[in-house]
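From first to last, the protein sequence lines stand for chains A and B. For the first sequence, the working numbering assigns the number 455 to the initial residue and increments by one for each residue that follows. For the second sequence, the working numbering assigns the number 31 to the initial residue and increments by one for each residue that follows. Structure first, commentary second.
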Amino acid sequence: MSNVFIAFQHNEESRPVIDAIVADNPGAQVVHSPGLVKIDAPNSLTIRRSTIEEQTGQPYDLQAIHINLVTLSGHIDEDDDQLTLSWKH
Amino acid sequence: MNIDLQAREITPLRNTYDHVARHIGGDKVASRYQEATYGAQPMVNFHYRPTWDPAHKLFDASRSKIVMADWYVLKDPRQFYYATWTMTRAKQQDAMESNFQFVEQRGMLSMMSDALREKTLEILMPLRHAAWGANMNNASICAYGYGTAFTAPAMFHAMDNLGVAQYLTRLGLAMGDAQTLDDGKQRWLDAPEWQGLRRLVEDTLVVQDPFELFVAQNLAIDGLLYPLVYGAFVDDHVALQGGTAVAMLTSFMPEWHAETARWIDALVKVAAAESDANRALISQWAAEWSDRAQAALAPVAGLALGDQGPTALSEVLDQFRVRCKKAGLAL
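This is how it looks when you write it as structure tokens:
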């Protein structure tokens, strides 16, 4: 078992994304550092478009996370509805 | 010499304003929507009553028969405050601009038959005046309603209606000239098919209760008018006969109608769930105003769709009933 992580710039735009990750991934640990929010999760971490849309009440294009994405680790499995980080191939 | 650069985290002492914290249950990080909405309604220190309405305070919840313990529960599911609303509309405006460009560059409007062009203008041009009525009514909801969560989106809605009227104006000018707009106004004033709708719009202009006006204009009238005109007429009728350009130049309207319906339904649902008295009132308003809207739209449906008019209108009415039932109304 090893961690995956993803980090965003800490701003108004990335807040619903972070809230959605916390809601969808019970094991996720949120670490705040100046200007940055890093989220660690054991094994895998999923970002769901539908959860972000519930937070904001507006349609969301998952590609928009790249505007505030700083770094991540893990293999990426993504489509229009979700982005999952894990170490599976 | 070594310079050691260190990042130091400064944690804020408070996450949000006290008046926002009271609404969201403690000092949590609040969204911009919450900060722009909660606590913005003036509630106290009204020393003088307005001379134009001495029976009420300047901001007075009792202008509506609807009773809410807390008017801030009428939240907008789209979470619109000024910035999010303008950004959303700016994006849609860009899309509409490129639609206009696409249609004009290819001369798509001149590919329509004369009869279809006439029919389109006959139906769409008078609706500029209906949209203006909706603009006035929503401005009135904002002026006399209570609670920023309810009134602020009503003002956005008012400006959106003005936008709809402007898109119709541009469509008229693209398909004709200034005379086209005058002809539309003349039809609105004189043509027998339009007098029912005109009467209905003019009657709503003097409705005093802001929530009744909200139900009448936004739920009942627009809830039937938009699916009938932009769904059954433009998308299903005009577009199929070679008028795709018209569907492109009015694409904002059905999109906007679907988006705002979420807001309208959410408000109706929450207000009706507050008490049985509210539910009965809103149901009664929805039934009365949708009956009137149906009667007013029947000749318009006939004018637009001929024999298929009554079928199209009854389909629209069925969808409307389903929508009301979902919002918890008894129709």
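Beta carbons are placed, not taken as given, at the ideal position from N, Cα and C, and that holds for glycine.
The beta carbons of ALA184(B) and TRP162(B) sit no closer together than 8 Å. Counting every other CB atom within 10 Å of its CB across the protein chains shown gives TYR176(B) a total of 16 or more, marking it as buried. DSSP places ASN167(B) within a helical segment (H, G or I) once states are collapsed to three. Against GLN109(B), the close residues of chain A are THR510, GLY511 and GLN512, in the order they occur along the chain (beta-carbon pairs closer than 8 Å).
Exclusion of the five residues before and after ALA160(B) leaves VAL231 as the residues of its chain whose Cβ lies within less than 6 Å of its Cβ.
Per the coordinates, the alpha-carbon of ASP321(B) lies some 14 Å from the alpha-carbon of ASN248(B). For the region 51-77 of chain B, the set of residues with a beta-carbon nearer than 9 Å to any beta-carbon of chain A comprises VAL59, SER61, ARG62 and TYR63, in chain order.
Excluding its 5 nearest sequence neighbours in each direction, MET455(A) has C-beta neighbours in its own chain below 7 Å: PRO496 and ASN497, listed in chain order. Note: LEU539(A) is bridge-paired with LEU499(A) and ILE530(A) in the DSSP secondary-structure output.
Interface annotation, GLU532(A): not in contact with chain B, CB-CB separation never under 8 Å. Residue environment analysis places PRO240(B) among the buried positions, since at least 16 neighbouring C-beta atoms fall within 10 angstroms of its C-beta. No Cβ-Cβ contact shorter than 8 Å links PRO340(B) with GLY226(B).
A check of alpha carbon separations from MET73(B) across PHE89(B), THR67(B), GLN64(B) and ASP83(B) identifies PHE89(B) as the nearest. Here ASP534(A) is exposed: its Cβ has fewer than 16 other Cβ atoms, across all protein chains shown, within 10 Å.
The beta carbon of PHE186(B) sits closer than 7 Å to those of PHE110 and TRP115, all from its chain and outside the five residues before and after it, given in chain order. Among the residues facing chain A, ALA120(B) is not included, as its CB has no counterpart in that chain under 8 Å away.
In summary, TYR68(B) is buried, with 16 or more beta-carbon neighbours lying within 10 Å of its beta-carbon over all protein chains present. Here DSSP, grouped into helix, strand and coil, assigns PHE180(B) to helix. Contact annotation: the region 248-268 of chain B touches the region 289-307 of chain B, with at least three C-beta pairs closer than 8 Å. Closest option to ASP57(B), judged by alpha-carbon separation, among LEU243(B), ASP83(B), THR274(B) and ASP48(B): ASP48(B).
Contact residues of the region 474-487 of chain A toward chain B are HIS486 and SER487 (C-beta to C-beta distance below 8 Å). Here the alpha carbons of VAL103(B) and HIS77(B) stand approximately 27 Å from one another. For ALA37(B), a Cβ of chain A is located within less than 8 Å of the residue's own Cβ.
The beta-carbon of GLU466(A) is placed less than 8 Å from the nearest beta-carbon of chain B. SER540(A) and ILE501(A) have their C-alpha atoms some 12 Å from each other. The residue among THR41(B), VAL276(B), ALA331(B) and ALA303(B) with its C-alpha nearest the C-alpha of ALA99(B) is ALA303(B). In the DSSP secondary-structure assignment, LEU490(A) is bridged to GLN463(A) and SER487(A).
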